[in-house]
Structures are given as structure tokens and as C-alpha cells.
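Residue numbers (the numbering used here): 4 to 195.
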Amino acid sequence: GGLTYRLGVVNGQGLSDINPQKDIYGKATYKIGGLGEIGGAEAGESEVSEFYIDNSITLGGFFYNGTASKASANDEDFTVFGGDVDFWYDRFIANGAVMLMNSDIPNTDKRKSMLYYAQGNYVLYPWLIGLLRYEWEDKDTDKDAVEPVNAIIPGVTVMARANVKFILELKKYLDEANKNNDTFVMQMNFGI
């Protein structure tokens, strides 16, 4: 287990410095059980040879405060905050997060948004991982003009090599407005 944290200051517009404001962010997590977060002798060694077994629970919280510059003079000031949890037991991994956002654009109503997800993964084989995720999003929690969007996503990840994986996912929308917008994703990720 162990505590991890990070704080940062970034230019919220990427490489271009089109506004003088800087965004700040932070995240802290605390892990109970499993392999240590810091490595080294204090972290201990795994009692099992399976890399995907790390019986533990990790709790976290995060925030992001920044400004999104538009082409016009109306910048959007926003604050994001939330929490997440990661639970590992044997071959089963469950995680979830909730995120809230307050947004303020001059000459418009302030907006509050909320989203969350819950996901379960199961390691069928070291190279084959099944998943099921539920997502929910409300772009404006104070107004009922737009219904929340929710979806269920079944999928599978195939680890072809140590640094190559294939991901197949179906996103099935459950809300009425998006019921015909289902998507299928085929993806290949690799690291060098």
C-alpha cells in the first residue's frame, strides 16, 4: 500500500499560450494492501507470480481548476473535482469514479455537470481480459432540458505481446435520445 500525490501547474491550452492564466491540478490516493506504491525494499515482493494479482483497495480524490480560452473574449472558468476507487481481488478488478464540474462563462448561466462510471474486469487468461462498464453523464444538473446520457459497454482486451494490446468494445446507449447511436470500437495500442 501507500500514499501517492501529485500537484501541477499547466498551460491549459497546450503548446499555444493564448491566455495568461495557468491551470492547477492535484490528485491524492491511498492504497491499502497489495504491492507498495513507492517501490524499493519497503514495497515488498508479491507472494504470487501472476502480475495481475494485487489484492488491494485504492481510494483517491482529485481536482482541476482552469480557464478554457475561446476565440472570443468569453473565457470559460471551470473547476473539476471528484473521487475514485480501485479494488483488486484475485483475477477480478473493479473501479469507478465520480466527477463534478462547475463552469462559468460570462453572460451565460453557470453550469454544473456530473458524471460517473463503474467498471468490472476479469482476467480470464493472462492475455485475455473481459470488461463491463456503466457510464452516466448529466451535462447540466440544474436543468432538465437535456436528459442524462447513460450507456453500458461490454468489451474484451487481448494482450498480444507485452507491449501490444487489442481492444474491442461495444457502447450500447440506454437513454432514449441516443438509443440509435451505438458504437463499436476496435483499437490497437502499443508501446515502444
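Don't be surprised by glycine CBs; every beta carbon is placed ideally from N, CA and C.
Alpha-carbon spacing of Pro157 relative to Ala97, whole angstroms: Residue mapping note: residue 157 aligns to position 154 of the sequence shown, counting from 1. Residue mapping note: residue 97 aligns to position 94 of the sequence shown, counting from 1. Each residue's alpha carbon lies about 14 Å from the other.
Reference Met117; option with closest CA among Asn77, Asp80, Lys146, Gly63: Within the sequence shown, the letter at position 114 stands for residue 117. Comparing Cα positions, the closest option is Lys146.
Tyr128, buried or exposed, once every other Cβ within 10 Å from all chains shown has been counted against 16: In the sequence shown, the residue the question calls residue 128 occupies position 125. By the Cβ-count criterion, Tyr128 is exposed, with fewer than 16 other Cβ atoms from all chains shown falling within 10 Å of its own Cβ.
Cβ neighbours of Tyr92 in the same chain (closer than 7 Å, five flanking residues each side left out): Counted from its first residue, the sequence shown places residue 92 at position 89. Contacts found: Asn58.
Three-way DSSP call (helix, strand, coil) for Glu40 in this model: Working through the sequence shown from its first residue, we reach residue 40 at position 37. Residue state, collapsed to three classes: coil.
Beta-carbon spacing of Leu103, Phe84 below 8 Å: The count along the sequence shown starts at 1 and reaches residue 103 at position 100. The count along the sequence shown starts at 1 and reaches residue 84 at position 81. It is a contact, given that the beta carbons lie within the stated cut-off.
Close Cβ partners of Lys34 (< 7 Å) along its chain, the five nearest in sequence each way excluded: For the purposes of this step, residue 34 is taken as residue 31 along the sequence shown, with counting starting at 1. Contacts found: Gly4, Gly5, Glu40, Ser59, Thr61.
CB of Gly133 within 8 Å of CB of Val161, strictly: Residue numbering aside, residue 133 sits at position 130 when the sequence shown is read from its first letter. Residue numbering aside, residue 161 sits at position 158 when the sequence shown is read from its first letter. The answer is no: Cβ separation not under 8 Å.
Neighbourhood of Gly63 by C-beta distance below 7 Å, restricted to the same chain and skipping five residues each side: Position 60 of the sequence shown, counted from the start, is the residue given in the question as residue 63. Only Lys30, Ala31, Thr32, Gly86, Asp87 meet the Cβ criterion.
Alpha helix (DSSP H) segments (min. 4 residues) lying fully within the region 85-161: none
Whole-angstrom distance between Leu171 and Leu131, CA atom to CA atom: Looking up residue 131 in the sequence shown gives position 128. Looking up residue 171 in the sequence shown gives position 168. Each residue's alpha carbon lies about 11 Å from the other.
Neighbourhood of Ala71 by C-beta distance below 6 Å, restricted to the same chain and skipping five residues each side: The sequence position of residue 71 within the sequence shown is 68, counting from 1. Excluding sequence neighbours, Ala71 sits near Glu79.
When Lys174, Lys25, Met191 are compared against Asn183, the one with the closest alpha-carbon: Counting from 1 along the sequence shown, the entry for residue 183 is found at position 180. Selected option, being the one with the closest Cα: Lys174.
Own chain partners of Thr186 with C-beta closer than 6 Å, once the 5 adjacent residues on each side are dropped: Taking the sequence shown and counting its residues from 1, the one referred to as residue 186 is at position 183. Contacts found: Lys174.
Close beta carbons around Arg210, own chain, < 7 Å, minus the five adjacent residues each side: In the structure as shown, the chain begins at 4 and stops at 195. Residue 210 is therefore absent and cannot be evaluated.
Endpoints, beta strand (DSSP E) assigned at Lys3: This structure cannot speak to residue 3, because the chain is shown only from 4 to 195.
Contacting residues, own chain, Cβ-Cβ under 7 Å from Glu45 (five flanking each side not counted): The sequence position of residue 45 within the sequence shown is 42, counting from 1. Unreliable placement is indicated for Glu45, whose pLDDT of 49 sits below 50; the coordinate value is still reported in the next sentence. The answer, listed in chain order, is Gly39.
Option in Pro151, Ser106, Phe193 with minimal Cα separation from Ala181: Sequence index remark: in the sequence shown, residue 181 carries index 178 (1-based). The question names Ala, but residue 181 is Asn in the sequence shown. Out of Pro151, Ser106, Phe193, Pro151 has the C-alpha closest to the C-alpha of Asn181.
Residue from Lys168, Ala100, Pro109 with nearest C-alpha to Phe65: Mapped onto the sequence shown, residue 65 falls at position 62. The shortest Cα separation from Phe65 among Lys168, Ala100, Pro109 belongs to Ala100.
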